[in-house]
């Protein structure tokens with residue numbers, strides 16, 4: 024009986040030592056991981072656009088290969104920290120800022136997201152001026168004129184980015200996720216027709232969708248924006264990243280317009296992901312972001328038409 028008790032105590036002590044060792048190992052690994060310095064530094068900044076103070080954060084990688092300003096979509100969006108950190112970890116300097124009227128930025132947010140104030144040309148133009156001011160600010164922060172600065176964003180940013188690029192010659196490239204190459208009114212007609220139905224493309228044809236895009240009456244009246252008018256004047260490289268299942272942007276139609284621009288010699292290209300929808304940059308699939316990052320890091324190797 025005494026032998027059994029002694030054996031039991033020995034086993035119990037061994038288990039405690041084993042458990043303690045495991046806990047110490049986990050603590051060591053955790054401390055080691057947290058001690059790994061990031062590949063970038065950050066700095067909080069404020070800059071002025073059209074008389075309004077905008078607040079943002081600059082991410083500066085240890086080894087900068089390119090730089091971008093993040094342009095917002097239609098929502099009340101603050102600075103996109105996780106998105107920026109991903110880019111910075113891959114050698115891309117970033118300025119991300121709170122949209123005007125949101126977070127620490129002054130001014131007024133023009134809403135709602137789908138409404139006259141938000142999508143009118145005057146608002147898109149104002150937001151493009153903010154993006155242009157952000158480019159100037161980032162350029163000063165970099166202290167290196169050899170680093171190419173571009174614009175990156177999705178959805179509504181697909182209209183804002185070309186407007187900003189047209190205004191600011193410091194913009195050397197465009198990276199656009201799910202940005203429409205049709206007018207704002209046409210995009211809204213499509214969005215109202217799909218009505219948020221995730222299975223829309225299982226029950227509707229491309230021909231049917233186009234009839235609604237071109238012929239449906241408009242629910243809102245505002246000054247429209249046609250991105251092709253601007254893109255036809257630009258000569259900087261651009262990439263569009265689409266998801267075939269998008270129910271906010273008619274992707275096939277947008278690609279057709281993009282192909283027409285390419286046929287005139289514009290340095291534009293696109294990537295199409297068959298299983299993704301509108302939020303290509305924030306899906307579980309990491310490939311869209313990997314493709315975007317790789318493209319940005321190699322943008323200086325592309326042939327730039329002057």
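In my numbering, the protein residues as written are 24 to 329.
A virtual CB, placed ideally from N, CA and C, is assigned to each residue, including glycine.
The model shown is predicted, which means the values in this text are computed figures rather than measured ones.
Counting only residues of its own chain and dropping the five nearest sequence neighbours on each side, residue 72 has a CB closer than 7 Å to the CB of 152, 153 and 156. 188 is the residue among 79, 68 and 188 whose C-alpha sits nearest the C-alpha of residue 258. Remark: C-beta atoms of residue 261 and residue 303 do not approach each other more closely than 9 Å. Short of 6 Å from the beta carbon of residue 301, and not among the five residues preceding or following it, lie these beta carbons of its own chain, in chain order: 201, 269 and 271. Counting along the chain, no alpha helix (DSSP H) covers residue 306, and no H or E run does either.
About 5 Å separates the beta carbon of residue 208 from that of residue 247, a gap short enough to meet the 8 Å contact definition. Annotated three-state conformation of residue 66 is strand, per DSSP. Under the three-state reduction of DSSP, residue 197 is assigned to strand. Residues of the same chain with a CB within less than 6 Å of the CB of residue 121, apart from the 5 flanking positions on each side, are 78, 101, 102, 127 and 128 in chain order. Burial is judged here by how many other beta carbons sit within 10 angstroms of a residue's own beta carbon; residue 135 has fewer than 16 and is exposed. Scanning the region 233-280 from its first residue to its last, the whole beta strand (DSSP E) runs of 3-plus residues come out as 261-266. Residue 250 is positioned such that its CB atom lies closer than 9 Å to that of residue 203. Taking a C-beta distance under 9 Å as the contact criterion, residue 211 and residue 183 do not qualify as a contact pair. Exposure of residue 166 is indicated by the presence of fewer than 16 other C-beta atoms within 10 angstroms of its C-beta. With 16 or more other CB atoms across the displayed protein chains lying within 10 angstroms of its CB, residue 96 is buried. The beta-carbon separation of residue 108 and residue 84, rounded to 10 Å, does not stay under the 8 Å limit for a contact. Relative to the Cα of residue 288, the nearest Cα in the group 68, 242 and 255 belongs to 255. A Cβ-Cβ distance of about 27 Å is found for the pair residue 265 and residue 139, leaving them out of contact under the 8 Å criterion. Looking at the DSSP output, residue 107 shares a beta bridge with no other residue.
DSSP places residue 185 inside the alpha helix (DSSP H), whose first and last residues are 180-190.
The alpha-carbon separation between residue 93 and residue 117 amounts to approximately 7 Å.
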